[in-house]
Amino acid sequence: MPIRVHDTRRRIKVDFTTLEPGKVSMYVCGVTVYDRCHLGHARCYLAFDLIHRWLEVSGYDVNYVQNFTDIDDKIIQRANEINGDWTALVDQNIEGYYEDMDALNILRADHYPRCTEYVDDMIRITEDLIEKENAYVADDGVYFHVDSAPEKFGQLTGQSIEAVRSGAGGRVDGTGSSKRDHKDFALWKAAKPGEPTWDSPWGPGRPGWHIECTAMSLDYFEREFDIHGGGHDLRFPHHEAEIFQGECHTGHSPVVHHWLHNGFVNIDGEKMSKSLGNFWTIQEILEKVDAMVLRFALVNAHYRSPIDMNESLLNDAERNYNRLLSCYVAALKACGSPDPVPLPPADITSNQPLVKSLGLLEKMAEGFAKALDDDFNSREGVAKVLGMVREISRGLQSGLDEADMNAFAHYGVDLLEETAGRVLGVLPTREIALAEPEEDPRRTEIADQVEALLLRRGEARAAKDWPQADAIRDELVALGVVVTDTASGPEWDLV
RNA sequence: GCACGGAUGUCGGAGCGGUUACGUCGGGGAUUGCAAAUCCUCUUACCUGGGUUCAAAUCCCAGUCCGUGCUCCA
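Everything in the first sequence is counted per the numbering used here, starting at 102 for the first residue and increasing by one.
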């Protein structure tokens, strides 16, 4: 079955095709590195990480390019607020970007070009656009003339030129810009005092934002490529500007074969923004929430839907993630010998519990693949994984004989690693999953005391002296210890 | 105003022509002295009005309400 993707330009799901069989060229707009990444960035790069992973698992060799915008008004402004050293600011935030993305288990792209390394290309493309009469030189820079290719307008947002003219009419005056028409956008900005500049045929200045992505994507992929991704907000004007630039420059249409856009993150029903004060950086949120739980929460939504981040969503995610994790750990521990006996053939209609269970699991695995094939529906994928978790947990408790249990556990581990691990990226490594929790000094400190209390509680329980047993448990609670009675005796942990 | 997307059980949120989404909440049960954890199970919902169909939450038409974009933004 082919992979289906929702293409913003065509506004429908289409069969995913590639220019070259078995290979995918993918460009995703990266961050402007004037600050640390926020939750919205996490959502975006996680969405494309998932797409990246699923395409690879489906047998494609993905060439994934994601840029850093390392020169921009905000960077200059932020640098001026500190000490004016914009290169240091940029380097520091790029480092922070990798740190945040690594924490979220986001696989690295193949290439991370920086805009400032491509200024020559941007100048070359701008010259070409001037030559082709799609762009013109004005007092304060070079502009793309949108009316030179009106048929390309509104391809991602469906808006007509007339509508935008009337809608935005009042807002473009008084900017001091010398562009001919308010729809036109800057390809090159003439230098302003105190700003970093590059030399160009139009004097010193710096590139416009839109031309950066065109220059970098075309450098890697020449004249056309398979996937262009980014946040929903980039459709207009940024991505439409790229269509103008790329298609006029290459004379080729389309340059981008599939436009993919991820949905936004809202906080408690409101748009996340600095002015509303509900703005979370990844660093901040990871102080409160485990990175894997955050990843689980984000992956438990379709990449195109808006997501409302709130406490209950995170609580749900934490609960479900823990369920997945304890099932995985239980299955790992049940894997005795490394060479499991062969399992009976799966059959969902069988009366034999093991055979039927394998049938159910097989069906869920198929459903998982089907969900991901259908526009990377990771939410449906998570639902299938949770179904597997239930079935595997049940199987592990079903009293199979040792050989079957071992084989079933291996099967379960493989299944979870393939789906929750390799595709969704929400499973820790085996080593980490099985590692004993690090000895908390607090735990060691009170261990003897707790053991003594547990011994007394055990005696009380044996004597069926429940009030006494509960009183001792209350004492333990006061110490910050929670007790869980299991078949093999009580276990305790710090709250 | 224009454009794009939504409207599903207590709630969050899949599905998008016939089949259990999943989770949360609530009810019952197994296990447990009780609790926790785990497992089983029940409640069976699809904005309004028309239409197409043997069959519609799912397709078509009309309407209502909501979100987002049109300005730097993932």
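Virtual Cβ for every residue (Gly too), placed ideally from N, Cα, C.
Return helix, strand or coil for residue 289, following the three-state DSSP convention.
Residue 289: strand per DSSP, three-state reduction.
What first and last residue would you give for the alpha helix (DSSP H) that runs through residue 165?
Here residue 165 belongs to no alpha helix (DSSP H); instead the beta strand (DSSP E) covers 162 to 167.
Is residue 454 helix, strand or coil when you go by DSSP?
In this structure, residue 454 counts as helix in the three-state DSSP scheme.
Mind pulling the alpha helix (DSSP H) runs of 4 or more residues that sit fully within the region 181 to 237?
Within the region 181 to 237, the complete alpha helix (DSSP H) runs of at least 4 residues are 187 to 204, 220 to 232.
Can you tell me the Cα-Cα spacing of residue 158 and residue 204, whole angstroms?
The straight-line gap from Cα to Cα measures roughly 22 Å.
Where do the N-terminal and C-terminal ends of the beta strand (DSSP E) with residue 506 fall, by residue?
Run containing residue 506: none in the beta strand (DSSP E); it sits in the alpha helix (DSSP H), 503 to 517.
If you draw a straight line from the alpha carbon of residue 172 to that of residue 312, how long is it in whole angstroms?
Each residue's alpha carbon lies about 12 Å from the other.
In its own chain, which residues sit with a C-beta less than 6 Å from the C-beta of residue 481, not counting the 5 before and 5 after it?
So the list reads 472, once near-sequence residues are dropped.
Under three-state DSSP, which class holds residue 308?
Correct three-state label for residue 308: strand.
Let me check understanding here. Comparing Cα to Cα, which of 331, 343, 344 lies closest to residue 364?
Considering only alpha carbons, the answer is 331.
Provide the residue(s) that pair with residue 591 in DSSP beta bridges, ordered along the chain.
Residue 591 is bridged to 586.
Compute the distance between the beta-carbons of residue 355 and residue 325, then report whether it is under 8 Å.
Closer than 8 Å, so yes.
Any idea if residue 370 is buried or exposed, counting beta-carbon neighbours within 10 angstroms, 16 or more meaning buried?
With fewer than 16 Cβ atoms within 10 Å of its Cβ, residue 370 is classed as exposed.
Confirm, please, whether the CB-CB distance from residue 415 to residue 442 is below 8 Å.
No, they are not a contact pair.
Pick out the complete beta strand (DSSP E) segments inside the region 359 to 429, 3 residues or longer, and give them in chain order.
Listed in chain order, the complete beta strand (DSSP E) runs (minimum 3 residues) inside the region 359 to 429 are 366 to 368, 408 to 410.
Nearest by alpha-carbon distance to residue 318: which of 184, 124, 551, 212 is it?
Closest by alpha carbon: 212.
Thinking C-alpha only, which one of 400, 379, 576 is nearest residue 522?
Cα-wise, what sits closest to residue 522 is 400.
Would you mind working out which of 170, 116, 103, 153 sits nearest residue 130, comparing C-alpha positions?
Comparing Cα positions, the closest option is 170.
Please name the residue in 120, 239, 195, 252 whose C-alpha comes closest to that of residue 164.
Ranking 120, 239, 195, 252 by Cα distance to residue 164 puts 120 first.
Under 8 Å, do residue 161 and residue 106 count as touching if we go by C-beta distance?
Taking 8 Å as the Cβ cut-off, residue 161 and residue 106 do not qualify as a contacting pair.
Could you tell me which residues DSSP puts in a beta bridge with residue 340?
Residue 340 pairs with nothing; no bridge assigned.
Would you identify the three-state DSSP class for residue 126, choosing helix, strand or coil?
Strand at residue 126.
Alpha carbons only, please: which of 373, 397, 505, 294 is nearest the one belonging to residue 438?
The shortest C-alpha separation from residue 438 is found at 505.
Run the CB neighbour count on residue 309, radius 10 Å, all protein chains shown included, and call it buried at 16 or more, exposed below.
Under this definition residue 309 is a buried residue.
Using DSSP with H/G/I as helix, E/B as strand and the rest coil, what is residue 137?
DSSP places residue 137 in coil when its eight states are reduced to three.
Hey, residue 469 and residue 486: beta-carbon distance below 8 Å or not?
Closer than 8 Å, so yes.
Would a C-beta distance cut-off of 8 Å place residue 380 and residue 250 closer than the cut-off?
No.
Out of 335, 247, 529, 451, point me to the one whose CA is closest to residue 283's CA.
Comparing Cα positions, the closest option is 247.
Taking the beta carbon of residue 199 as the centre, do at least 16 other beta carbons fall within 10 Å, making it buried, or is it exposed?
Exposed, by the Cβ-count rule.
Would you kindly check if the distance between the Cβ of residue 135 and the Cβ of residue 194 is under 8 Å?
Yes, Cβ-Cβ distance for residue 194 and residue 135 is below 8 Å.
Please work out which residues of its chain come closer than 6 Å, Cβ to Cβ, to residue 358, disregarding the five sequence neighbours upstream and downstream, and give them in chain order.
The answer, listed in chain order, is 327.
Whole angstroms is fine: what's the gap from residue 118's alpha carbon to residue 219's?
Spanning the two alpha carbons is a distance of roughly 29 Å.
In three-state terms, what does DSSP make of residue 347?
Of the three classes helix, strand and coil, the one that applies to residue 347 here is helix, per DSSP.
What is the DSSP secondary structure of residue 114, counted as helix, strand or coil?
Three-state DSSP puts residue 114 in a strand.
Helix, strand or coil for residue 469 per DSSP?
Helix at residue 469.
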